[in-house]
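Residue 348 in numbering that gives the first Met the number 0 sits at position 349 of the sequence shown; the count goes up by one each step and never skips. Note that CB positions come from ideal geometry on N, CA and C, so glycine has one too. Remember, it's a predicted structure, so these values are computed and weren't measured experimentally.
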Amino acid sequence: MLDSLPLSAKQIRSIAHATARINLWHGAIRSGKTIASLIAFLIAIAAAPSSGLIIIVGRSLQTIERNVLDPLQDDALFGPVARLVQHTRGATTAVILGRTVHLIGAADSRAEGRLRGLTACLAYVDEATLVPRGFWNQLLGRLSVPGARLYATTNPDNPGHWLRKEFINRAGQLDLRHWQFTLDDNPSLDPAYVAALKAEYVGLWYRRFILGHWVQSEGAIYEMFDAERHVVRELPHIERWLCDAIDYGTVNPFADLLLGLGRDGKGRAALYVASEYRHDSRATRRQLTDAEYSAARRRWLASVPQPGSNVLGVRPEWTIVDPSAASFIEQLHRDNTPSVMPADNTVLDGIRGVANLLASDRLFIHASATGLIDELPGYSWDDEAAEKGEDKPIKLDDHSCDALRYGVRTTEALWRPHIPTLEVAA
C-alpha cells in the first residue's frame, strides 16, 4: 500500500509513529494529512483486538462518506485495499478489512448519547474541531480496551479552541502525538493547483488553510472585498437563476438577494447578486406582516429585468429562507411559492464560501444591491468571542451578509460544477 502512494517524509514518519493513545494530524487543506491518517487507521484496523467496537466519527454521515470512505474506496489511492472497504450509501456501518465499523455523526451535543454504553478499541475522528467537546470526552472514555487508540484529523481553528488548549498544547503530559502539515507537505499535488489554491484563499483562511496556523479571527471578515472589483453596473446573461435568499426580520431589516450564475468578461463562470429587496421597519417606521413580505417579494421578482433584454421578471429555482423564520416559511407555502428551502446556516462554511468566491473574483454584486454593498466592509469578527476560542461575526448590520451566505452555501451543489477550482477545506 505504501509503495503505491507518493508519500512525503513527514507523512511516513506520522504513520510509523502513530502509536499513542491519541494521534492527531492537523494543518493546511490538501496537505496530505488525511491520506497519512487513513493509512495509519487501516494499519490499526488490521491489528485491532477482536473485542471492542471500531468507530468513525464525523460531523455527519455525509461528511464521513465524503472525507473518509470515498478516499478509502479509491483504487487510485489504495489499490487492492480499496476493494476491502464496503459501504452502502446512507448505512451507519461499513466493513473495512473484514471488520464492522460503526459510523457516527456528531453535529451537536445530542450525539453524545450515541456513545453511551459502548466499548471501543479504535476510533477515527474527521474534522475534530467540529466535534462537540462533550462528545470528544465521552469518546475517549469509551476507548477502554487495552491498547485502544484514537486517530483524528482537523484543519486549524481559533488558538483558544479546546482541542489546541487542552490537548495539543498538553501533548507532553498526555499519551498524545500530533503532526502539523502545510500545503507543501503533499508531494502528489500539481504545482499549478497549489498556486491556484494559494491565490484563492486570503486573510484568516489563508493563514489557517494554506499555512496551517492556529490563528485568531479578527478584523473585517471580507477583507478581500473591493467595490471597484466586485460591484458591477451591468450584468451578463444569467444562465441560471439559482435562488433568492432571505434573511427574515420584522424589527430588524428584511433582506432578500437574487443570486444567478453567469459569465464574467473572461468567459469564466461566476455568481452574481443581481438584485436586492430590503425593508427596514425602523427606517420606514412600518412593520410588515408575513403576508405583506410575501407579496412584496413577488412584486420585486416580477420587476427584475432580464439582463440584455426588455423582459421583466425572474423565477429563481429555489427560495432559501433563514431557518428560524418558521412563520414566514409557512406563509410562502400558503402562497404556493415553489421550491422553498430552509437555508444551510453553518456560519463558518458559508462565510468561507463567500470569501473564496470574492478572493478569486467569482462573485459580483450589482450596484442596485446597496444594502449588501453597505454591509460588506463592516462585517467583522467578534473579538470577545474570539478570546473564548470561538469564531463568530458581530451580530450588527449583517442582514444582507447573512442572506448572501445562505444563498451561496445552500446552492453550492448547483454552482460548484461550474466553478470547480474553489476547494472545500479538508
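Buried versus exposed call for residue i [16 or more other C-beta atoms within 10 Å across all chains shown]
{"i": "Thr153", "result": "buried"}
{"i": "Gln143", "result": "Residue identity check: residue 143 is Ser in the sequence provided, not Gln. Flag for Ser143 reads exposed."}
{"i": "Ser359", "result": "buried"}
{"i": "His365", "result": "buried"}
{"i": "Asn150", "result": "The sequence given here has Tyr at residue 150, not Asn. Counting Cβ neighbours within 10 Å, Tyr150 comes out buried, since at least 16 surround it."}
{"i": "Ala147", "result": "buried"}
{"i": "Ala282", "result": "exposed"}
{"i": "Thr318", "result": "buried"}
{"i": "Pro5", "result": "exposed"}
{"i": "Tyr405", "result": "buried"}
{"i": "His272", "result": "A small correction: the amino acid at residue 272 is Val; His does not occupy that position in the sequence shown. Val272 is buried by the Cβ-count criterion."}
{"i": "Gln172", "result": "exposed"}
{"i": "Asp255", "result": "buried"}
{"i": "Ile22", "result": "Note on identity: in this sequence residue 22 is Asn, with Ile being the wrong assignment. Asn22 comes out buried."}
DSSP three-state assignment for residue i, whether helix, strand or coil
{"i": "Glu329", "result": "helix"}
{"i": "Thr253", "result": "It should be noted that the sequence gives Phe, not Thr, for residue 253. Correct three-state label for Phe253: strand."}
{"i": "Ala15", "result": "helix"}
{"i": "Ala425", "result": "Below a pLDDT of 50, predicted positions are generally treated as unreliable, and Ala425, at 40, falls in that range; the measurement from the model is reported next regardless. Residue state, collapsed to three classes: coil."}
{"i": "Gly26", "result": "strand"}
{"i": "Ile319", "result": "strand"}
{"i": "Ala39", "result": "helix"}
{"i": "Val353", "result": "helix"}
{"i": "Met0", "result": "Here Met0 scores only 49 on pLDDT, less than 50, and its place in the model is too uncertain to base an answer on."}
{"i": "Ile418", "result": "coil"}
{"i": "Leu311", "result": "strand"}
{"i": "Leu270", "result": "strand"}
Of the residues the options, the one placed nearest residue i, counting alpha carbons only
{"i": "Pro322", "options": "Met340, Gly312, Thr181 and Glu316", "result": "Met340"}
{"i": "Lys32", "options": "Leu258, Asp184 and Leu300", "result": "Asp184"}
{"i": "Ala354", "options": "Leu76, Arg408 and His25", "result": "Arg408"}
{"i": "His101", "options": "Val80, Leu60, Thr288 and Asp107", "result": "Leu60"}
{"i": "Lys387", "options": "Thr92, Pro158 and Arg333", "result": "Pro158"}
{"i": "Leu257", "options": "Ile11, Val320 and Gly264", "result": "Val320"}
{"i": "Gly266", "options": "Arg29, Tyr247 and Ile418", "result": "Ile418"}
{"i": "Trp414", "options": "Thr92, Ala90, Thr249 and Leu362", "result": "Leu362"}
{"i": "Pro376", "options": "Lys394, Leu234 and Tyr221", "result": "Tyr221"}
{"i": "Ala17", "options": "Val313, Leu41, Ile328 and Asp246", "result": "Leu41"}
{"i": "Gly116", "options": "Leu52, Gly78 and Gly211", "result": "Leu52"}
{"i": "Phe77", "options": "Ser36, Asp289 and Ser108", "result": "Ser36"}
{"i": "Gly89", "options": "Glu64, Ala75, Glu111 and Arg98", "result": "Glu64"}
{"i": "Leu395", "options": "Val193, Pro190, Gln137 and Ala219", "result": "Ala219"}
{"i": "Asp343", "options": "Ala294, Ala324 and Pro337", "result": "Ala324"}
{"i": "Gln10", "options": "Ser50, Leu114, Ile54 and Thr181", "result": "Thr181"}
{"i": "Trp380", "options": "Ala412, Val346 and Thr410", "result": "Val346"}
{"i": "Val250", "options": "Leu260, Ala268, Arg284 and Leu311", "result": "Arg284"}
Cα-Cα separation between residue i and residue j, rounded to whole angstroms
{"i": "Gly370", "j": "Gln179", "result": "41 angstroms"}
{"i": "Thr87", "j": "Ile237", "result": "38 angstroms"}
{"i": "Leu403", "j": "Arg206", "result": "24 angstroms"}
{"i": "Asp279", "j": "Glu199", "result": "35 angstroms"}
{"i": "Asn309", "j": "Ser302", "result": "11 angstroms"}
{"i": "His160", "j": "Arg262", "result": "40 angstroms"}
{"i": "Ala425", "j": "Pro155", "result": "A caution first: Ala425 carries a pLDDT of 40, below 50, which makes its placement in the model unreliable, though a value can still be read off. Looking at the two C-alpha atoms, the distance is approximately 10 angstroms."}
{"i": "Ala45", "j": "Ser13", "result": "18 angstroms"}
{"i": "Ala244", "j": "Glu316", "result": "11 angstroms"}
{"i": "Ile372", "j": "Thr288", "result": "26 angstroms"}
{"i": "Pro252", "j": "Arg296", "result": "14 angstroms"}
{"i": "Phe134", "j": "Cys242", "result": "36 angstroms"}
{"i": "Asp390", "j": "Leu188", "result": "30 angstroms"}
{"i": "Ala47", "j": "Trp213", "result": "33 angstroms"}
{"i": "Leu114", "j": "Ile38", "result": "25 angstroms"}
{"i": "Thr118", "j": "Ser49", "result": "12 angstroms"}
At 3 residues or longer, what runs of the beta strand (DSSP E) sit wholly inside the stretch 201-259? 237-246
Whole alpha helix (DSSP H) runs in the stretch 362-408 with 4 or more residues, listed along the chain? 369-374 and 382-386
Uninterrupted beta strand (DSSP E) stretches inside the stretch 93-158 (no shorter than 3 residues): 98-104, 119-124 and 148-153
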